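Taken in order, these protein sequences are the chains called A and B.
The first sequence maps to residues 1 to 362 in our numbering.
The second sequence maps to residues 1 to 362 in our numbering.
Structure, as structure tokens:
Protein chains: 2
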Amino acid sequence: MKKQNVRTLSLIVCTFTYLLIGAAVFDALESKTENQRKVVLQEIQAIVRRKYNISDEDFRIMETVVLKSEPHRAGQQWKFTGAFYYATTVLTTIGYGHSTPSTIAGKLFTMCYAMIGIPLGLVMFQSIGERVNRLSSVIIRSVKSSLHCRQTAASELDLICVVTTLSSLTIAGGAAAFSRYEGWSYFDSVYYCFITLTTIGFGDMVALQKDNALSKKPEYVMFALIFILFGLAIVAASLNLLVLRFVTMNTEDERRDEAQAMQALAGAVRLEGDVITANGSILSGQMGHHCTETTSLDADDTSVCSCHCGCFTSNSRHRFTVRRSPTQIRHLLPVLPMHELHLPQGPILPPPAIYPNHRASI
Amino acid sequence: MKKQNVRTLSLIVCTFTYLLIGAAVFDALESKTENQRKVVLQEIQAIVRRKYNISDEDFRIMETVVLKSEPHRAGQQWKFTGAFYYATTVLTTIGYGHSTPSTIAGKLFTMCYAMIGIPLGLVMFQSIGERVNRLSSVIIRSVKSSLHCRQTAASELDLICVVTTLSSLTIAGGAAAFSRYEGWSYFDSVYYCFITLTTIGFGDMVALQKDNALSKKPEYVMFALIFILFGLAIVAASLNLLVLRFVTMNTEDERRDEAQAMQALAGAVRLEGDVITANGSILSGQMGHHCTETTSLDADDTSVCSCHCGCFTSNSRHRFTVRRSPTQIRHLLPVLPMHELHLPQGPILPPPAIYPNHRASI
């Protein structure tokens with residue numbers, strides 16, 4: 001099986017296995033807590049409902065209102081600042097979902113906007129990431145030169161270290177800021193930064209949703225957006241360094257296979273007609289061209305071949321093509337006089353090998 | 001400025017402009033509706049609160065309970081099936097957020113799981129996407145051959161058409177199924193499929209959350225997961241075809257620049273010492289080597305240069321290096337006899353140009 005197909009199938013099997021393992025671990029980690037929380041929440045809900053004697057119908061209305069009011073509680077989501085924040089979550093595919101379009105026109109425009117914006121964002125972040133890696137390698141080289149190292153060129157390990165350090169600093173620094181501004185624990189802030197910069201964007205924790213920050217804290221809004229864009233560029237740098245080569249592997253293998261196939265064709269020698277192999281046997285070739293031939297087994301006649309065939313083709317794919325007709329090569333080899341033949345009596349048989357053995361070379 | 005830097009800066013400017021335009025449009029589309037909805041929801045909330053005379057404190061408790069109970073209402077999110085669904089949203093970076101880890105261990109494992117799973121998923125989907133494109137080109141070629149087309153090779157436009165058709169069919173087909181199973185309008189289902197397959201994953205609409213589907217409808221669960229994985233492979237095929245070449249542009253330009261620089265160095269001719277240019281002027285070169293020289297301005301003496309310099313270097317970077325010392329080349333040119341010179345009286349001046357004009361060629 002082709003290498004690319006083996007690779008693809010292996011990746012599918014690996015990923016599926018990885019999902020199964022993940023499912024089992026998440027089940028073990030969260031299932032029990034889920035049940036406990038469900039019980040507690042149901043109890044509290046029951047207490048409140050009993051206290052006020054709220055009917056089922058009214059409680060369902062209350063639930064719907066509370067759920068749909070959630071984005072409104074966080075502030076004005078669709079004014080210019082909030083809309084810019086939303087556009088960023090679409091273009092970067094983070095997609096928190098803290099605010100989502102409720103009109104048909106909004107949903108339609110979201111789809112069109114994403115169709116152009118996502119490739120644009122992908123290319124931009126990868127472009128920045130590549131420049132970051134390039135700058136890092138230049139800096140590493142000058143640092144190594146000034147330290148008089150033997151090898152001044154930046155190795156891949158150096159770049160991986162730099163980009164890992166940058167990513168860690170970005171997450172650590174961002175987490176500290178969000179922890180302060182949002183009132184989250186440091187661990188939760190790290191979790192938020194990670195989920196954001198990997199573009200998973202659950203939306204369980206979203207910045208700029210407290211104290212009407214979108215309208216009232218422009219410098220914090222700026223910081224959050226810059227954090228997202230800068231952080232994504234660093235993530236893109238690490239992807240550019242570590243993952244991109246694997247992403248293009250199949251395509252490069254295909255190109256190499258095609259190039260090899262072209263080379264092989266270009267180098268092929270194509271012979272039509274009888275071929276004398278190295279051990280002296282004769283291989284009949286194809287009838288390439290119409291040809292008239294007169295041969296004679298008379299002692300003193302020599303065969304005459306008159307052919308109307310083209311000898312060399314102009315096909316650029318064949319470096320060397322020989323076409324020789326007629327397909328038989330008897331006229332090339334010495335013919336023994338008939339009177340020296342001792343043909344057996346009987347029905348006419350195909351002519352015996354009357355050619356003396358000789359070693360032919362191609 | 002280097003081409004790669006210009007490209008990167010242009011992309012940043014383009015993307016930022018695109019975000020600004022998006023923000024303005026979303027503001028225009030959604031802002032008014034947001035205000036109207038907010039007013040309506042607040043009115044309904046006020047009615048219900050007044051009816052039951054619910055205190056602020058109790059209402060806040062009720063809100064919290066309702067919000068946190070939302071995933072529980074949808075079914076068991078962390079049993080194996082739900083956990084597999086969650087793992088899929090992490091690995092693919094869709095990240096609906098319909099269920100999110102509540103334990104520290106769950107959050108920590110999510111981060112570690114994503115760190116390995118996301119690159120694995122990226123490579124896998126791109127691998128499948130490349131194979132899909134390859135298969136498409138093979139099928140197109142055989143179709144064109146059977147239709148006796150002049151050009152049988154699959155052009156890029158053909159592939160783009162095929163992958164666009166496949167994407168549209170996937171979204172249209174998936175939307176029909178989700179519309180039926182989830183009770184959404186067809187447009188909402190198309191919107192859901194689009195948001196899912198672009199990995200934005202808002203979470204405003206999530207499949208498998210009605211009627212305890214995760215536990216009770218295994219075939220529908222299978223369909224939803226296969227839809228996500230197959231659809232993402234088709235999206236990856238279109239990215240592989242349309243976007244990947246732009247993502248690798250900077251890296252390829254860097255490689256080309258480096259290759260050109262190496263070529264230029266290899267082809268450089270390095271001359272030390274005086275150089276006679278094409279217009280006959282003499283350029284003083286560097287003192288390459290220590291050398292003794294005897295020259296004489298006497299009429300009949302010819303200068304003798306004895307130098308201890310190496311003529312050709314073994315530096316593989318220079319194809320051709322000439323070192324000739326002494327740096328002066330007076331000895332190479334004919335010297336006019338002193339008595340024919342008419343030197344002005346006075347302080348010793350640097351010797352005038354005593355070499356008759358001649359055209360030297362290098």
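Each residue gets a CB set at the ideal place from its N, CA and C atoms; glycine is no exception.
Here the structure is a predicted model, which means the values were calculated and not measured.
query: Among the candidates Ala-224/A, Glu-258/A and His-148/A, whose CA atom is the shortest distance from the CA of Glu-182/A?; result: Ala-224/A
query: 8 Å is my cut-off, CB to CB: does Tyr-191/B come that close to chain A?; result: yes
query: Can you check whether the CB of Gly-82/A is closer than 8 Å to the CB of Ala-89/A?; result: The question names Ala, but residue 89/A is Thr in the sequence shown. Against a cut-off of 8 Å, the Cβ pair of Gly-82/A and Thr-89/A comes out as no contact.
query: How should Lys-107/B be labelled, buried or exposed, when 16 other C-beta atoms within 10 angstroms of its C-beta is the threshold for buried?; result: buried
query: At the level of alpha carbons, what is the spacing between Lys-210/A and Gln-76/A?; result: 11 Å
query: Going by beta-carbon coordinates alone, are Gly-22/B and Ala-154/A separated by less than 8 Å?; result: no
query: What residues of chain A sit near Phe-187/B, judged by a beta carbon separation below 7 Å?; result: Ile-104
query: Using a Cβ-Cβ distance under 8 Å, would Thr-8/A count as near chain B?; result: yes
query: When the Cα atoms are used, what is the spatial distance from Glu-30/A to Asn-212/B?; result: 18 Å
query: What residues in the segment 16-28 of chain A bring their beta carbon closer than 8 Å to a beta carbon of chain B?; result: Tyr-18, Leu-19, Leu-20, Gly-22, Ala-23, Ala-24, Val-25, Phe-26 and Asp-27
query: Are the CB atoms of Arg-134/B and Thr-152/B nearer to each other than 8 Å?; result: no
query: For a minimum of 4 consecutive residues, which ranges assigned as the alpha helix (DSSP H) are wholly contained in the segment 150-183 of chain B?; result: 156-182
query: Taking the continuous alpha helix (DSSP H) assigned at Leu-208/A, which residues delimit it?; result: Note, Leu-208/A: premise wrong, no alpha helix (DSSP H); not H, not E.
query: Thinking just about the alpha-carbon of each residue, which of Val-132/A, Leu-11/A and Thr-248/A is nearest to the one in Ser-167/A?; result: Val-132/A
query: Just reading off the beta strand (DSSP E) that Val-269/B is part of, what are its end residues?; result: 269-272
query: With a threshold of 8 Å between beta-carbons, can Pro-101/A be considered close to chain B, or not?; result: yes
query: Is Met-205/A buried or exposed, if buried means 16 or more other CB atoms sit within 10 Å of its CB?; result: buried
query: Please tell me whether Leu-122/B has its Cβ less than 8 Å away from any Cβ of chain D.; result: In the displayed structure, chain D is absent; the protein chains listed are A and B.
query: On the CB-based measure, 16 or more other CB atoms within 10 Å of its CB, does Ala-264/B come out buried or exposed?; result: exposed
query: From the DSSP secondary-structure annotation, give me the bridge partner or partners of Ile-276/A.; result: Ile-282/A
query: Mapping the DSSP letters down to three states, classify Ser-147/B as helix, strand or coil.; result: Looking at the sequence provided, one finds Leu at residue 147/B rather than Ser. DSSP places Leu-147/B in coil when its eight states are reduced to three.
query: Among the residues of its own chain, which have a CB less than 6 Å from the CB of Asn-35/A, if the five just before and after it don't count?; result: none
query: Can you give me the Cβ contacts of Cys-14/B inside the same chain, cut-off strictly under 6 Å, excluding the 5 residues immediately before and after it?; result: none
query: Using CA atoms only, rank isn't needed, just tell me which of Val-243/A, Asn-240/A and Leu-208/A is closest to Ile-228/A.; result: Leu-208/A
query: Starting from His-72/B, trace the alpha helix (DSSP H) in both directions and tell me its first and last residue.; result: 56-73
query: Find the residues of chain B that neighbour Asp-58/A, judging by a C-beta separation of less than 8 Å, and give them in chain order.; result: Val-48, Lys-51 and Tyr-52
query: With a threshold of 8 Å between beta carbons, is Ser-69/B in contact with chain A?; result: yes
query: What are the residues in the segment 212-229 of chain B lying within 8 Å of chain A by C-beta distance?; result: none
query: Out of Ile-44/B, Phe-80/B, Thr-33/B and Ala-105/B, which one is the CA nearest neighbour of Pro-218/B?; result: Phe-80/B
query: Can you find at least 3 beta carbon pairs, one from the segment 116-124 of chain A and one from the segment 237-246 of chain A, that sit closer than 8 Å?; result: no
query: Figure out for me which residue from Ser-145/B, Met-249/B, Val-221/B and Arg-50/B has the closest Cα to the Cα of Ile-128/A.; result: Met-249/B
query: What is the residue span of the alpha helix (DSSP H) that Pro-218/A lies within?; result: 218-242
query: Taking DSSP as the reference, what is the three-state secondary structure of Gly-117/A?; result: helix
query: When DSSP labels each residue in this structure, what does Met-124/A get in the three-state scheme?; result: helix
query: Buried or exposed, going by whether 16 or more other CB atoms sit within 10 Å of the CB of Glu-283/A?; result: Looking at the sequence provided, one finds Leu at residue 283/A rather than Glu. It counts as exposed.
query: Using a C-beta cutoff of 8 Å, does Leu-241/A count as contacting chain B?; result: no
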